[in-house]
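K.L.:
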Amino acid sequence: MSEQPWTIESIRDALGNPALAQRFLGEINRAPAHELLRVFARWERIAKDTVAAVRRGREIAAAEARGEEPAGEWVDATDRVRAEAERIRARGAA
């Protein structure tokens, strides 16, 4: 989003997912007056994070389409994920 102030409408639109937007609208509409600012601020942060993640995802996709490595520090978590999966399997989980 540009430098425009966040509104209920812009937060709803930025969330992208209809179910998430509906959850936001439900919370903001049911919030008591003394909690409105807190609820709004929490969802504003979620919307900002969502917009930033979408922007970053598009930047990564564009870099990969150009055959470039995505910018930033990437941590290979393969071994950690495999070790965790093995621990889960060892406990008898599916």
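Under the UniProt record's numbering, the sequence shown has 19 at position 19, and the numbering climbs by one with no breaks. No residue lacks a Cβ here, since even glycine has one placed at the ideal position from N, Cα and C.
#1: Could you have a look at Asp-76 and say whether DSSP puts it in helix, strand or coil?
#2: So which of Glu-86, Arg-89, Ile-11, Arg-87 has the shortest CA-CA distance to Lys-48?
#3: By the 10 Å Cβ neighbour count, where 16 or more other Cβ atoms means buried, how is Trp-43 classified, buried or exposed?
#4: State the Cα-Cα distance for the pair Ala-71 and Ala-61, rounded to the nearest angstrom.
#5: Whose C-beta lies closer than 8 Å to the C-beta of Gln-4 among residues of the same chain, with five residues either side of it excluded?
#6: What would DSSP say about Thr-7, mapped onto helix, strand or coil?
#7: Please classify Leu-36 as buried or exposed, where buried requires at least 16 other C-beta atoms within 10 Å of its C-beta.
P.N.:
Reading off the structure:
#1: Of the three classes helix, strand and coil, the one that applies to Asp-76 here is coil, per DSSP.
#2: If we check each option's Cα against that of Lys-48, Ile-11 comes out closest.
#3: Buried.
#4: Cα to Cα, Ala-71 sits roughly 11 Å from Ala-61.
#5: Ser-10, listed in sequence order.
#6: DSSP places Thr-7 in coil when its eight states are reduced to three.
#7: So Leu-36 counts as exposed.
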